[in-house]
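Numbered by the numbering used here, the letters in the sequence shown go through residues 1 to 109 in order.
First comes the structure, then the notes that go with it.
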Amino acid sequence: MDQSPDLVRGTVVPIVLALLSEEARYGYEIVKLVNARTNGRFEWKEGTLYPTLHRLEAERLIKAKWLTAESGKRRKYYTLTPKGETELGRRRAAWQQFAETVNVLLLGA
């Protein structure tokens, strides 16, 4: 089933925050992980992700640090800040309430 670009776009920030709550990650790793975990249903491109990472960093929800990967390549790793953890909790609660409300309307559940 094709995913609506509008629906996917609206979930980029909470998904990024959730993935970074698991561990530090670099941008391309996040893109690959989203594509893998959704079995390709969300086909993120780097052009979708990097503006979001920059905005979240400017908002101090995440922080970045250059590290050398096992391959020897330098990569910019992102982690959640305490402010980002709080925002993730807020967005998870909002998402749950939103999903429950939409399910009532669409599915009669």
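All residues carry an ideal CB built from backbone N, CA and C; glycine is no exception.
Check, Outcome
"Since T79 sits in a beta bridge, which residues does DSSP pair it with?", "K63"
"If you drop the 5 nearest sequence neighbours on each side, which residues of the same chain put their C-beta closer than 7 Å to that of R52?", "One point to set straight first is that residue 52 is Thr, not Arg, in the sequence displayed. Only V12, V13 and V16 meet the Cβ criterion."
"Closest to I62 by CA distance: which of F98, S21 and R75 is it?", "S21"
"Would you call L107 buried or exposed, if buried means 16 or more other Cβ atoms sit within 10 Å of its Cβ?", "exposed"
"Let me make sure I understand the geometry here. Which of E46, A58, E85 and T38 has the alpha-carbon closest to that of E23?", "E85"
"Give the DSSP bridge partners of Y26, in chain order.", "Y77"
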